[in-house]
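Participant: Protein chains in written order, with this note's numbering: chain X, 67 to 513; chain Y, 196 to 439.
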Amino acid sequence: MIFPSAQSALTSFDGSISLDTTVQKPDKYRFFDQKNFGNMISRGAGLSYVAASFGLKSKTIDHSSFNRLLSYRDGILEVEAGATLGRVYNYLRGQNRYLPVQPGHPDITVGGCVAADVHGKNQFRDGTFVSLVERIKLFHPKHGIIELSRTQNPKLFDLTCGGFGLTGIILSVDLRTRSIPSPFVEITTIPVPAVEDLEKILKDIVNKYDLVYSWHDFTKKGRGFGRGFIKAAKFSTAGQTHFFSAEQDHRHLKRTLFAERRGNWRWAFFSPWRTVWFNSAYYHFNLIMPASQKMELYDFLFPVHNKEAYFKFFGKKGFHECQFIIPTGKFAEWAERVKCFLSHDSTPVTLASGKLFAGDPRLLRFTGNGVCMALDFPRSAGSLRFVEFLYNLAMEIGATPNIIKDSDLSAKVVAATYPEYERFKTELKLFDSERIFRSELSERLGL
Amino acid sequence: MNFIIIGASSGLGRALVEELSKAGHKLLLVASDVRDLTAMASDLSLRTSGVVDSLACHIDTHDLWLADLEKKIAAAGDLDGLFFPLGWSAEQDQVCSTPELAAKLMEVNFTAIVKIISHCLPHFFARNRGYIVGFGSVASLRGRSSNVLYAAAKRALTSYFESLRHATFKTNVIVQLYQLGYMDTSHNFGRKLIFPKADPVAVARYVVKNLNRDFGFIFFPRFWFIVQYVVRWLPWRIFKRLNF
Chain X
67 MIFPSAQSAL
77 TSFDGSISLD
87 TTVQKPDKYR
97 FFDQKNFGNM
107 ISRGAGLSYV
117 AASFGLKSKT
127 IDHSSFNRLL
137 SYRDGILEVE
147 AGATLGRVYN
157 YLRGQNRYLP
167 VQPGHPDITV
177 GGCVAADVHG
187 KNQFRDGTFV
197 SLVERIKLFH
207 PKHGIIELSR
217 TQNPKLFDLT
227 CGGFGLTGII
237 LSVDLRTRSI
247 PSPFVEITTI
257 PVPAVEDLEK
267 ILKDIVNKYD
277 LVYSWHDFTK
287 KGRGFGRGFI
297 KAAKFSTAGQ
307 THFFSAEQDH
317 RHLKRTLFAE
327 RRGNWRWAFF
337 SPWRTVWFNS
347 AYYHFNLIMP
357 ASQKMELYDF
367 LFPVHNKEAY
377 FKFFGKKGFH
387 ECQFIIPTGK
397 FAEWAERVKC
407 FLSHDSTPVT
417 LASGKLFAGD
427 PRLLRFTGNG
437 VCMALDFPRS
447 AGSLRFVEFL
457 YNLAMEIGAT
467 PNIIKDSDLS
477 AKVVAATYPE
487 YERFKTELKL
497 FDSERIFRSE
507 LSERLGL
Chain Y
196 MNFIIIGASS
206 GLGRALVEEL
216 SKAGHKLLLV
226 ASDVRDLTAM
236 ASDLSLRTSG
246 VVDSLACHID
256 THDLWLADLE
266 KKIAAAGDLD
276 GLFFPLGWSA
286 EQDQVCSTPE
296 LAAKLMEVNF
306 TAIVKIISHC
316 LPHFFARNRG
326 YIVGFGSVAS
336 LRGRSSNVLY
346 AAAKRALTSY
356 FESLRHATFK
366 TNVIVQLYQL
376 GYMDTSHNFG
386 RKLIFPKADP
396 VAVARYVVKN
406 LNRDFGFIFF
416 PRFWFIVQYV
426 VRWLPWRIFK
436 RLNF
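Rendered as structure tokens:
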């Protein structure tokens, strides 16, 4: 059986990289019986900020048709890698369970979460996505279908979780789920008047809540720089007898986010002065809202759903997302240096959001001990100056950049900030001497 | 109701299975690869209220699968309907074909369907009710120098369904044939076609919604009703020069 190929223009979600590439979209397992594939890379929803699912010299294998739920027993859900978080959520809620670690949009696939080893709303307590993964079925043309777990092929398991799809095509994943005490969460808004206090406040509250993140205004000049608030959520203690209606079922599964459509608006809303106004309005809006609110778990887990316009506001040129884990005890210095830079630079930071992180750095996984800060700002002629400043600052204070969020990262910066960069390269080469799986990301980082 | 879907594992078949399963029907999925069937059956069992069984067989090879199918039907109880969202075409399908290719094209697109219907029709007559839903192709509207045997088989299917409807008009057996235009399936992935591709999910929803209508024969998407007139009545001196 022949699976047709097509030439397609694929774009990274941040809008920085667009390439004409060959795409194949199989929908049958017979596809994996072939022997000669050439260079390739797997693609799920194609929502990575960076070009992780396509490359100039690789064929993209779109496996979004492999999106089925395979089994559920004793809290372990087995799914095909193309299953979206929304689909998984919809099933699990019927079992009164959920995935405690997941990124903010329901269209993201489980395979993508494994490959990027993503984090959720409380990494400090729950770890990264790998903490949920019990077993993986991986396809590699030279090795066939391999089962991976912490006890079976553990090295390859390690390499695949957070391996950016470079070890092969993830066919299915067994996920450990957690029971939901309530379908609703109670959110408390805690003001953070001075950003340099964030680390201390986060440490004080992180163990008292189930989900925690902060928001800051980095466009405010002077003493108010970084003013913001923490959103801390706990599962509601009020008893709930029912979960969701069938109507909501339908809403959850309708795809709303596409990398290729993000830049449809040629005009960018986020100019320097409009961003100041936008951030100020958002800040005050959140502080005048009741300090304690009740929200559906779905809306809290997937805050980006139905707010996709935010990404369109960056226009065709796109945006940067620079995310770093700033080591414990260094956050105040980092914030001060960023404040100092932005006091004489007009880069409009549209989002600055923080979380507390914990964990030992391993291979190319985005983990470590400290405060994780994400900064969004529009791509412009001058924006690379700020990016360069952030990279230099990271190397100076020992911060770790997030590879899956940042299209501008170079091999030099990654080698300097990831202690196991060389080990990742060596182990990858040892497993796949021909280096069949390649993407723009892997080429750029010299992997 | 008990339905059999032949060609259940991809494209329109997969979409039909999803819609029928959502409606809570009991389904027997038939396709060639047990891996695809297992994944589908597991998924539907978890997500929907429909009961799902499956049978992996190559309907183009030999007739042994008919016995397996009969066993499955007997195990499932009364059969209420048959859906045939299957089709197979090949780039080598030219005016001169190898016997193997010709046999496979005719078997998958026509003969196997006839065999299954012939096998199941007595069940429907005995109960005086049932649904038989086939899917033809606009490729069969007029013979061209490509897709030669595929088009011939689909035209044969159209004729067979006309006969079937004629033979069942005194009963409550509903016979429907959808003449489908281009579909947005993996087979057509990336192909630039002169008319828009139909979403299999939209087609499946239409089919399930209109299951009780005795319309016999319909073009879907509906604009193909107009297009087919143009294709049929295009003068030969123009048609012979077209390359599509």
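For every residue, glycine included, the Cβ atom is placed at its ideal position computed from N, Cα and C.
The structure displayed is predicted, hence computed values, not measured ones.
Assign TRP333 (chain X) to one of three DSSP states: helix, strand, or coil.
Facilitator: coil
Participant: Taking just the CA atoms, how far does PHE79 (chain X) sit from LEU113 (chain X)?
Facilitator: 6 Å
Participant: With distances taken Cα to Cα, identify the nearest neighbour of PRO70 (chain X) among X:ILE83, X:PRO92, X:THR87 and X:SER82.
Facilitator: Comparing Cα positions, the closest option is X:PRO92.
Participant: Looking at chain Y, is there any beta carbon in it that lies within less than 7 Å of the beta carbon of PRO393 (chain X)?
Facilitator: It does not: the Cβ of PRO393 (chain X) has no partner Cβ on chain Y nearer than 7 Å.
Participant: Can the beta-carbon of TYR275 (chain X) be found less than 7 Å from the beta-carbon of SER419 (chain X)?
Facilitator: no
Participant: Of all the residues that make up the segment 280 to 295 of chain Y, which are near chain B by a beta-carbon distance shorter than 7 Å?
Facilitator: Within the model displayed, chain B is absent; protein chains X and Y are what it includes.
Participant: Is the segment 494 to 509 of chain X touching the segment 245 to 262 of chain Y in the sense that three or more CB pairs, one from each, lie closer than 8 Å?
Facilitator: no
Participant: Within its chain, find whatever has a CB closer than 7 Å to the CB of GLY381 (chain X); leave out the 5 residues flanking it on each side and keep chain order.
Facilitator: GLY329, TRP331, ARG332, TRP333 and ALA334
Participant: Touching or not, the segment 377 to 394 of chain X and the segment 439 to 456 of chain X, by the rule of three or more beta carbon pairs under 8 Å?
Facilitator: yes
Participant: Exposed or buried, HIS410 (chain X), counting other C-beta atoms within 10 Å across all chains shown (16 or more means buried)?
Facilitator: Exposed, because fewer than 16 other Cβ atoms sit within 10 Å of the Cβ of HIS410 (chain X).
Participant: Measuring only the C-alpha atoms, how far is TYR484 (chain X) from LEU511 (chain X)?
Facilitator: 12 Å
Participant: Measuring CA to CA, which of Y:ALA234, Y:SER313 and Y:TRP283 is closest to LEU264 (chain Y)?
Facilitator: Y:SER313
Participant: Report the neighbours of PHE390 (chain Y) on chain X: residues whose CB is nearer than 7 Å to its CB, in chain order.
Facilitator: Those do not exist, as PHE390 (chain Y) stays about 17 Å from chain X at its closest Cβ, beyond 7 Å.
Participant: Rounded to whole angstroms, what's the CA-CA distance from LYS125 (chain X) to SER82 (chain X)? Just pull it up for me.
Facilitator: Each residue's Cα considered, the two are about 20 Å apart.
Participant: Taking the CB atoms as reference points, tell me whether LEU363 (chain X) and VAL251 (chain X) lie closer together than 7 Å.
Facilitator: Yes; because the gap between Cβ atoms is below 7 Å, this pair is in contact.
Participant: Using a Cβ cut-off of 8 Å, which residues of the segment 237 to 268 of chain Y contact any Cβ in chain X, in chain order?
Facilitator: SER237, ASP238, LEU241 and ARG242
Participant: By the DSSP assignment, the alpha helix (DSSP H) with MET439 (chain X) in it spans what residues?
Facilitator: From DSSP, MET439 (chain X) is part of no alpha helix (DSSP H) but of the beta strand (DSSP E) over 436 to 444.
Participant: Which two residues bound the contiguous beta strand (DSSP E) that contains THR88 (chain X)?
Facilitator: 84 to 90
Participant: Establish whether the CB of SER137 (chain X) and some CB of chain Y are separated by less than 7 Å.
Facilitator: Yes, because at least one Cβ of chain Y sits closer than 7 Å to the Cβ of SER137 (chain X).
Participant: Are three or more beta carbon pairs between the segment 345 to 361 of chain Y and the segment 380 to 397 of chain Y nearer than 8 Å?
Facilitator: Judged by Cβ distances under 8 Å, the segment 345 to 361 of chain Y makes no contact with the segment 380 to 397 of chain Y, as fewer than three pairs qualify.
Participant: In whole angstroms, what separates the C-alpha of TRP339 (chain X) from that of PRO427 (chain X)?
Facilitator: One C-alpha to the other measures close to 39 Å.
Participant: Using 8 Å as the cut-off, can you tell me whether the segment 258 to 278 of chain Y makes contact with the segment 314 to 321 of chain Y, which would need three or more C-beta pairs spanning the two stretches below that distance?
Facilitator: yes
Participant: Which residues in the same chain have their Cβ closer than 6 Å to the Cβ of VAL422 (chain Y), if we skip the five residues on either side of it in sequence?
Facilitator: Closer than 6 Å at Cβ, skipping near neighbours: no residue.
Participant: Mind checking ARG451 (chain X): buried by the 16 CB within 10 Å criterion, or exposed?
Facilitator: Per the 10 Å Cβ criterion, exposed.
Participant: So, do the segment 411 to 422 of chain Y and the segment 220 to 230 of chain Y have three or more beta carbon pairs nearer to each other than 8 Å?
Facilitator: no
Participant: In angstroms, rounded to a whole number, what distance separates the CA positions of PHE336 (chain X) and LEU417 (chain X)?
Facilitator: 11 Å
Participant: Compare the C-beta of ALA399 (chain Y) with all C-beta atoms of chain X and state if any pair is closer than 7 Å.
Facilitator: No, its Cβ sits nowhere closer than 7 Å to a Cβ of chain X.
Participant: Expressed to the nearest angstrom, what Euclidean distance is found between the alpha-carbon atoms of GLU262 (chain X) and LYS405 (chain X)?
Facilitator: Distance between GLU262 (chain X) and LYS405 (chain X), taken at the CA atoms: about 10 Å.
Participant: Taking GLN73 (chain X) as part of the alpha helix (DSSP H), name the residues at either end of that continuous run.
Facilitator: No alpha helix (DSSP H) contains GLN73 (chain X), which is instead part of the beta strand (DSSP E) from 71 to 77.
Participant: Quick one: Cα of GLY152 (chain X) to Cα of GLY121 (chain X), how far?
Facilitator: 27 Å
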